[in-house]
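Protein chains in written order, with my numbering: chain A, 1 to 302; chain B, 1001 to 1302.
All C-beta atoms, glycine included, are put in the ideal place defined by N, C-alpha and C.
Take a look at the structure below.
There are 2 protein chains.
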Amino acid sequence: MSEWAEKIVAGDVRALARAATAVENRRPEAVPLMQELFPRTGRALLVGITGPPGAGKSTLVDQLAKALRRENRQVGILAVDPTSPYSGGAILGDRIRMQQHHADPGVFIRSMASRGSLGGIAPATLDLALLLDAAGKDVVLIETVGVGQDEVEVARLADVTIVVLVPGMGDDVQAIKAGIMEIADIFVINKADRPGAGALERETQALVEMAGQNGNWRPPVLKAVATEGRGIGEILDAVRKFQEPGGRANRRADLWRMRLREMLRERLLERLPEKELEAAAWDVAARIRDPYSVIEEWLRRM
Amino acid sequence: MSEWAEKIVAGDVRALARAATAVENRRPEAVPLMQELFPRTGRALLVGITGPPGAGKSTLVDQLAKALRRENRQVGILAVDPTSPYSGGAILGDRIRMQQHHADPGVFIRSMASRGSLGGIAPATLDLALLLDAAGKDVVLIETVGVGQDEVEVARLADVTIVVLVPGMGDDVQAIKAGIMEIADIFVINKADRPGAGALERETQALVEMAGQNGNWRPPVLKAVATEGRGIGEILDAVRKFQEPGGRANRRADLWRMRLREMLRERLLERLPEKELEAAAWDVAARIRDPYSVIEEWLRRM
């Protein structure tokens, strides 16, 4: 094993931070590093936390991290912010959050913006989660802002996914709930001291019952007030109790089926010369050629 | 040209609806059809409407459609709901909206859920937009729920993108705004009769000014109360006034650069046998093999 990999496995925070940056920026040195570390992964529990904007996910994640630290578990936090695809840097709140866990080397926090369509956010998140796994984190909390396709893909990375709802989200909650029913292993009604929490709980419960049992697991609907630390213990209990229908191996094979496909796709694409793509893009935009014929021609030659 | 394509170009709604379904479901017959229709596209103005859940985008889109119809323009509406990746069917609200424009053959509405990572929502949306373009729509309104990566990709399809904000969206608005600054050509503060609208307008205006001019265009910040039809005319004026820095051709070449890459990626992937992928996924999940070596082996053989 390289010195770098050894340091990461031994829990060296600087080596880990440097690796995280290399992975995030898709640096060439990240590939052999991840290859070395891969056999050391598979031990950490990956917990996804998703839900609409304003649901208080960050606060919830911080509280979960604190509770896990009290049990002396090593914690990684990945905060995925898909709203900033181009800026691709640190996030405002990050420094504030870092301060909270500052003195604690048992918590590693990383915020990431998504980076346009190249690669995508889910692959980078998975690599970072694997890295934290290899670095000895017991639990990796993966927080995503929003409830779009990205969040669904990030949710698929996790061994267990918590969907956070909040009273008074407006008209689109119905749509949101329909979509996340399929990814939620655990529901949390956060800000449960607000008006409408009871109604939202009943509504969500009704949706869960309508959806029926998934294997031997029916998603519980829990209440929390994350700002006051209320309901955190119950959430962690539910995470521990969670039993995958078909088992964790099944879910992880699903994940790797998806990920291998993406990795291959990405690598194959590198074979296309950039200049040729550029010329074709202008031709198609001007309707000189049609995109379907362009692709067929490329395929014949590759 | 095939009879089907001819009917679509002539404005036959049933032929168009059948084509939309074929495109959405990636039916093999959709490929030659789109190939035939492609030279007939490029005329319609594609308008993206995006923003956080609860911003009242659907109402705004309906009002824009009504106003365009009063000018006797043919309108297409594509409502993209990325929150329902698996169910992949019609959307509750759709039928209600259809009724509103029911008697009017000048409006064609289609709702689509995103469909997992295979293909993705942006490519299907683009194909549907091209289809509506070929069918003679003057304006295609593309509405997306949310502000994630999907929305950014959908926004890139559009010739002009409207970002809808609303007072009182909570803590994540700051993050949302940072991300959408880069895709917004026009800002609309909807529900502008609510408390906080003035403050949100000033904040957004400040962000726009901080970002500076993009070519010869500075995104205007408009106010609207879509439920009452207020501010709709001003939005349409801004859409008409909008001048791309570098021109529309530039933006469309960007789009096709991205899209050709995706199309190629997708087609290349078909060369991988499903059985082999399945076996590798289980091996990797069990840490018997590492994914990086698997990919290298496949690449050597392909």
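- For B/R1267, the chain A residues whose Cβ falls inside 9 Å of its Cβ are I295, E296, W298, L299, in order along the chain.
- Rounded to whole angstroms, the gap between the alpha carbons of A/A226 and A/I142 is 17 Å.
- For chain A, the residues of the segment 1259-1285 of chain B that bring a beta carbon within less than 8 Å of one of its beta carbons are R1259, L1260, R1261, E1262, M1263, L1264, R1265, E1266, R1267, L1268, L1269, L1272, L1277, E1278, A1280, A1281, W1282, V1284, A1285, in chain order.
- A Cβ-Cβ distance of about 4 Å is found for the pair B/L1268 and A/L268, placing them in contact under the 8 Å criterion.
- Cβ-Cβ distances below 7 Å link A/A5 to L33, E36, L37 in the same chain, with the five nearest sequence neighbours on each side left out; the list follows chain order.
- Around the beta carbon of B/D1193, fewer than 16 other beta carbons lie within 10 angstroms, which makes this residue exposed.
- Assignment of beta-bridge partners to A/M302 by DSSP yields no partner.
- The beta-carbon of B/P1039 is placed less than 7 Å from the nearest beta-carbon of chain A.
- In the assembly as shown, B/M1112 is a buried residue. Its beta-carbon has 16 or more other beta-carbons within 10 Å.
- Per DSSP, the continuous alpha helix (DSSP H) segment holding A/E6 begins and ends at 3-9.
- At least one beta carbon of chain A lies nearer than 7 Å to the beta carbon of B/R1287.
- Taking the CA atoms as reference points, B/V1013 sits about 8 Å from B/P1105.
- For a Cβ distance threshold of 7 Å, residue set P53 of chain A lies close to B/P1052, ordered along the chain.
- If you ignore the 5 residues before and after A/M1, its C-beta comes within less than 8 Å of the C-beta of V9, E36, all in its own chain and listed in chain order.
- Against B/W1256, the close residues of chain A are A281, V284, A285, P291, in the order they occur along the chain (beta-carbon pairs closer than 7 Å).
- A Cβ-Cβ separation of about 6 Å places A/R156 in contact with A/L255 under the 8 Å criterion.
- Contact between the segment 1156-1165 of chain B and the segment 1041-1053 of chain B is present: 3 or more CB-CB pairs across the two stretches fall below 8 Å.
- Counting other Cβ atoms within 10 Å of its Cβ, B/S1058 reaches 16 or more and is therefore classed as buried.
- Excluding its 5 nearest sequence neighbours in each direction, B/I1288 has no C-beta neighbour in its own chain below 6 Å.
- Note on A/T144: 16 or more other CB atoms within 10 angstroms of its CB, so buried under the neighbour-count rule.
- The contact set of A/A249 on chain B, defined by CB atoms closer than 9 Å, consists of W1282, A1285, A1286 in chain order.
- Per DSSP, the unbroken beta strand (DSSP E) holding B/G1048 starts and ends at 1045-1050.
- According to the DSSP assignment, A/L68 belongs to no beta strand (DSSP E) but to the alpha helix (DSSP H) extending over 57-70.
- Short of 8 Å from the beta carbon of A/L126, and not among the five residues preceding or following it, lie these beta carbons of its own chain, in chain order: L157, L255, R259.
- Here A/K223 carries a strand assignment [DSSP, helix/strand/coil].
- Within the segment 1006-1033 of chain B, V1031, P1032 place their CB atoms closer than 9 Å to a CB of chain A, listed in sequence order.
- Excluding sequence positions up to five before and after B/L1200, its CB lies within less than 7 Å of the CB of L1165, P1167, I1189, all in the same chain and listed in chain order.
- Within 10 angstroms of the beta-carbon of B/K1137 lie 16 or more other beta-carbons, which makes it buried.
- Per DSSP, B/I1235 is one residue of the alpha helix (DSSP H) stretching across 1232-1241.
- With fewer than 16 other CB atoms across the displayed protein chains lying within 10 angstroms of its CB, B/A1206 is exposed.
- Taken atom to atom, the span from the alpha-carbon of A/L222 to that of A/R230 is near 11 Å.
- For a cut-off of 8 Å, the C-beta gap from A/V139 to A/L78 is around 11 Å, too long to register as a contact.
- Assignment of B/T1041 by DSSP, reduced to helix, strand and coil, places it in the coil class.
- When DSSP states are grouped into helix, strand and coil, A/L131 belongs to the helix group.
- With a threshold of 16 other beta carbon atoms within 10 Å, B/T1204 meets it and is buried.
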